[in-house]
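Enquirer:
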Amino acid sequence: MAWQAEPGNEMDIFAEFRATVLAALDAMDLPGEIKTAGVSAEPPRDASHGDVACNVAMVVAKQVKQKPRDLAEAIAAKLSDDVRIDAVEVAGPGFLNLRLSKEFWQSRVSAALKASADYGKAEIGTGKRVNVEYVSANPTGPLHVGHTRGAVFGDALASLLEFAGYDVTREYYINDGGSQVDTLARSAMLRYREAHGQAIEIVEGLYPGDYLVPVGQKMKEHFGDSLLSQDEEEWLPVVREFATEAMMDLIRADLADLGVVMDEFFSEKSLYGTGLIEEAVSALESKGLIYQGVLEPPKGKKPDDWEPREQTLFKSTEYGDDVDRPIKKSDGAWTYFAPDIAYHYNKLQRADELINIFGADHSGYVKRMKAACKALGDGTDRLDIKLVQLVKLFKNGEEFKMSKRSGMFVTLRDLIEEVGADVVRFVMLTRKNDAPLDFDFDKALEQSKDNPVYYVQYAHARICSALRKAPEELAGLATDDSTLAAADLSGLTHDSELALIAKIAEWPRHVGQAATAHEPHRVAFYLYDLAGSLHGLYNAGQRDLGLRFIQADDPALTTARLALVRACAITISNGLRILGVTPMQEMR
RNA sequence: GGUCCCGUAGCUCAACUGGAUAGAGCAACUGACUUCUAAUCAGUAGGUUCCAGGUUCGAAUCCUGGCGGGAUCGCCA
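Residue 1 is where the first sequence starts when you use the working numbering, and the numbers rise one by one after that.
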């Protein structure tokens with residue numbers, strides 16, 4: 001039989017012991033080809049089950065026609081002289097439970113300290129280029145709450161993938177090719193007239209928001225009164241360009257305040273008139289996926305003004321979509337889908353994997369986009385689309401809605417000014433992307449209990465505080481990382497110390513899993529859990545003075561404990577960096 | 001009506017992609033502040049994982065059918 005180590009993370013002790021167990025299995029010379037894909041080694045939920053639980057016997061038993069527990073016993077015997085392992089037990093239906101030695105746990109602390117900012121980095125993405133497209137809000141106004149969740153999620157996912165070894169491009173698709181930018185231009189033109197002292201009326205269908213007032217002012221400065229006498233035909237393209245740029249400046253500034261910096265802004269308009277759309281469409285045409293046809297009306301709910309029209313259609317049903325999709329309107333112009341196909345055609349040439357972050361209102365668009373990517377590529381699924389669900393805002397116990405139409409919407413800027421970027425980011429990442437999120441201003445402002453971001457930051461600050469304080473109590477004590485990394489750690493033997501080490505040692509595994517699943521919220525939950533272990537250890541020192549980090553009469557033990565908590569701080573800091581949240585040195 | 005997402009403790013959510021006795025926080029109750037920073041901790045109590053079948057050593061998780069909530073449904077983007 002053959003087994004292979006999982007590609008990826010050499011710092012992940014669970015991957016390490018999985019390989020150890022499979023090597024023991026291999027050494028048993030069992031007959032036949034054995035499939036081990038389902039074998040996992042993971043931390044057991046119940047601490048009484050040891051440190052590493054492995055299901056190998058249950059997975060393999062049937063293949064080799066043995067009873068799971070018998071097989072487990074045989075493997076356990078092979079593992080008994082491994083110095084890293086104190087005991088191997090067979091439990092339940094055939095679980096192999098490993099208890100690891102204190103020395104092994106202690107070695108994990110030095111490993112974390114040596115790796116430092118790289119602790120937890122994985123290699124699952126090494127050599128792979130991934131393009132993460134997120135935000136991509138229409139350039140018609142400032143970003144609001146809905147965009148914020150997508151921005152935070154996409155940005156954390158991008159950082160996570162970077163940490164997992166990918167070559168990441170953060171990209172924003174500017175929808176500057178459709179009629180909404182014409183509407184923007186007309187709306188800005190009104191503000192321009194207003195800036196010249198004219199009375200204006202914002203008619204239905206234009207953007208009423210007063211964020212366009214300064215744009216009108218700038219237009220006046222830039223164009224003087226030269227546009228006033230022109231026909232719309234003349235000024236429209238000029239104003240469209242100017243206003244779109246102004247909106248993108250606004251959006252870029254909003255994103256910067258949230259800590260989001262894009263690598264690439266890709267303009268939809270740049271696809272028109274350059275042959276790129278035609279090129280992408282002919283790529284589909286060459287596969288026989290483009291045809292002229294008439295769509296059936298939607299089942300059940302038929303639009304009032306429905307009438308059959310012949311359109312140019314993409315045969316997306318070939319790749320799992322429910323109906324074929326129009327790429328041209330009945331008047332022959334491209335639909336939104338056409339440039340989007342071209343855009344993804346372009347992205348596929350620049351990256352090995354694509355990830356799009358969409359709002360929930362685009363859920364109906366997922367199948368056709370994935371179909372297009374499969375059709376344009378080699379038929380494999382290189383696009384993953386993550387939907388972020390809606391954000392509901394609560395204040396004083398009441399929900400309030402936003403409406404772009406009335407101009408009375410809660411912007412990203414409002415959010416940051418009220419609660420700060422760190423809180424916004426962390427709160428939005430303590431939820432799975434596909435679950436709706438209630439954002440409660442009152443709780444976000446509350447700097448305590450209900451607010452996990454402070455809990456995690458406080459753990460980090462506490463450690464920093466101990467590291468500052470130690471040299472005051474023990475004169476001449478060195479607390480720099482290289483000293484701590486080389487420290488004698490044999491004094492770390494208490495259960496709550498070992499529990500914290502075990503939690504720290506889980507970090508690389510969580511990175512790998514979160515990155516594979518494209519789920520940054522796992523990082524947030526892990527950090528919360530890790531912070532809990534730290535607070536627990538700290539508070540154990542309130543009742544039992546012998547457990548305090550700083551022992552004035554024992555420099556060796558103090559150094560060992562500082563090494564432990566410093567390793568914890570490094571882990572928290574590495575995790576927070578992925579989420580884009582500041583690890584505080586001090587919180588008063 | 002079609003499609004996608006969700007349904008887990010009183011509330012807000014996890015559950016390592018199929019693992020062992022389903023876990024945290026809030027709210028409730030008991031206890032710990034002359035603090036290595038109480039923005040904290042230790043403990044008690046709280047469950048038919050929406051319902052009914054199926055798949056297997058094993059299901060909150062996978063498949064089928066319901067129920068309930070949200071999003072969306074050619075010529076907007």
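Glycine included, every Cβ here is placed at the ideal spot set by N, Cα and C.
DSSP on V427, reduced to helix/strand/coil?
Expert: Working through the first sequence from its first residue, we reach residue 427 at position 427. Residue state, collapsed to three classes: helix.
Enquirer: Name the DSSP beta bridge partners of S267, please?
Expert: Here the question's residue 267 lines up with position 267 in the first sequence. S267 is bridged to I174.
Enquirer: According to DSSP, what are the bridge partners of N396?
Expert: Walking along the first sequence from the start, residue 396 turns up at place 396. Note: N396 sits in no beta bridge, so no partner.
Enquirer: So, for D12: in the same chain, excluding its five sequence neighbours on each side, which residues have a beta-carbon less than 7 Å away from its beta-carbon?
Expert: Taking the first residue of the first sequence as position 1, residue 12 is located at position 12. Answer for D12: P508, R509 and G512, listed in chain order.
Enquirer: Starting from the Cα of V572, find the closest Cα among R186, L500 and R548 and give me that residue.
Expert: Taking the first sequence and counting its residues from 1, the one referred to as residue 572 is at position 572. Just to set this straight, residue 572 is Ile in the shown sequence, not Val. When each option's Cα is compared against that of I572, the closest is L500.
Enquirer: Can you give me the start and stop residues for the alpha helix (DSSP H) that A61 sits inside?
Expert: Stepping through the first sequence from its first residue, residue 61 is reached at position 61. From DSSP, the alpha helix (DSSP H) with A61 extends over V56 to V64.
Enquirer: For W235, does the count of other Cβ atoms within 10 angstroms reach 16, so buried, or fall short, so exposed?
Expert: Taking the first sequence and counting its residues from 1, the one referred to as residue 235 is at position 235. So W235 counts as buried.
Enquirer: Only counting the same chain, and skipping five residues up and downstream in sequence, which positions put a Cβ closer than 6 Å to that of L547?
Expert: Within the first sequence, residue 547 is the residue found at index 547, counting from 1. Within the same chain, L547 has close Cβ partners A540 and G541.
Enquirer: Starting from W334, follow its DSSP beta bridges and name the residues at the other end.
Expert: Taking the first sequence and counting its residues from 1, one reaches residue 334 at position 334. Bridge partners of W334: K328.
Enquirer: Within the chosen definition, does the segment 110 to 121 reach the segment 480 to 491 through at least 3 CB pairs nearer than 8 Å?
Expert: The segment 110 to 121, when compared against the segment 480 to 491, does touch it at the 8 Å Cβ threshold.
Enquirer: Could you tell me the alpha carbon to alpha carbon distance between S282 and V130, rounded to whole angstroms?
Expert: As a first step, residue 282 must be located in the first sequence, where it is residue number 282. As a first step, residue 130 must be located in the first sequence, where it is residue number 130. Distance between the alpha carbons of S282 and V130 is about 26 Å.
Enquirer: What is the DSSP secondary structure of K287, counted as helix, strand or coil?
Expert: Residue mapping note: residue 287 aligns to position 287 of the first sequence, counting from 1. Coil.
Enquirer: Going by Cα to Cα distance, which pick from R84, E42 and P339 is closest to I174?
Expert: Position 174 of the first sequence holds residue 174. Minimum Cα distance to I174 is reached at P339.
Enquirer: Got a sec? Which residues, its chain only, sit under 8 Å from K469 by beta carbon, not counting five neighbours each side?
Expert: The residue labelled residue 469 in the question sits at position 469 within the first sequence. Around K469: I550.
Enquirer: Enumerate, from N- to C-terminal direction, the unbroken beta strand (DSSP E) stretches of 3 or more residues contained entirely within the segment 205 to 266.
Expert: Listed in chain order, there is nothing to give.
Enquirer: Would you identify the three-state DSSP class for G491, choosing helix, strand or coil?
Expert: If you number the first sequence from 1, residue 491 lands on position 491. Residue state, collapsed to three classes: coil.
Enquirer: Would D176 be called buried (16 or more neighbouring beta carbons within 10 Å of its own) or exposed?
Expert: Here residue 176 refers to the residue found at position 176 when the first sequence is read from its first residue. By the neighbour-count rule (16 or more Cβ atoms within 10 Å), D176 is buried.
Enquirer: For the 8 Å Cβ check, are there 3 or more pairs between the segment 252 to 263 and the segment 279 to 295?
Expert: With a cut-off of 8 Å, the segment 279 to 295 and the segment 252 to 263 do not count as touching, because too few Cβ pairs lie within range.
Enquirer: Roughly how many angstroms separate the alpha carbons of C292 and D331, rounded to a whole number?
Expert: The residue labelled residue 292 in the question sits at position 292 within the first sequence. The residue labelled residue 331 in the question sits at position 331 within the first sequence. The amino acid occupying residue 292 in the given sequence is Gln; Cys does not appear at that position. Straight-line Cα distance between these residues: approximately 13 Å.
Enquirer: Would you report the Cα separation of D263 and E171, rounded to the nearest angstrom?
Expert: Residue numbering aside, residue 263 sits at position 263 when the first sequence is read from its first letter. Residue numbering aside, residue 171 sits at position 171 when the first sequence is read from its first letter. Spanning the two alpha carbons is a distance of roughly 6 Å.
Enquirer: Short check: CB of Y166 to CB of N574, under 8 Å?
Expert: Stepping through the first sequence from its first residue, residue 166 is reached at position 166. Stepping through the first sequence from its first residue, residue 574 is reached at position 574. The answer is no: Cβ separation not under 8 Å.
Enquirer: What would DSSP say about A567, mapped onto helix, strand or coil?
Expert: Counting from one through the first sequence, the residue named residue 567 turns up at place 567. Helix, per DSSP.
Enquirer: Among the candidates R69, A563 and L212, whose CA atom is the shortest distance from the CA of L489?
Expert: Mapped onto the first sequence, residue 489 falls at position 489. Here the closest residue by C-alpha is A563.
Enquirer: So what does DSSP say about K443, is it helix, strand or coil?
Expert: The residue you call residue 443 lines up with position 443 of the first sequence. Correct three-state label for K443: helix.
Enquirer: Under a three-way DSSP split, which group does V463 fall into?
Expert: Along the first sequence, read from residue 1 onward, the residue named residue 463 stands at position 463. First, the amino acid is wrong: residue 463 is Ile here, not Val. DSSP places I463 in helix when its eight states are reduced to three.
Enquirer: Consult DSSP for F549 and reduce its assignment to one of helix, strand or coil.
Expert: For the purposes of this step, residue 549 is identified with residue 549 of the first sequence, where counting begins at 1. It is coil, neither helix nor strand.
Enquirer: Quick check on Q349: buried or exposed, where buried means 16 or more other Cβ atoms within 10 Å of its Cβ?
Expert: What you label residue 349 is simply residue 349 of the first sequence in a count that begins at 1. Counting Cβ neighbours within 10 Å, Q349 comes out exposed, since fewer than 16 surround it.
Enquirer: Measure the Cβ-Cβ separation of V215 and R191 and say whether it is below 8 Å.
Expert: The count along the first sequence starts at 1 and reaches residue 215 at position 215. The count along the first sequence starts at 1 and reaches residue 191 at position 191. In contact: V215 and R191 (Cβ atoms closer than 8 Å).
Enquirer: In angstroms with no decimal places, state the Cα-to-Cα distance between T20 and T312.
Expert: Counting from 1 along the first sequence, the entry for residue 20 is found at position 20. Counting from 1 along the first sequence, the entry for residue 312 is found at position 312. Between T20 and T312, the C-alpha separation is close to 58 Å.
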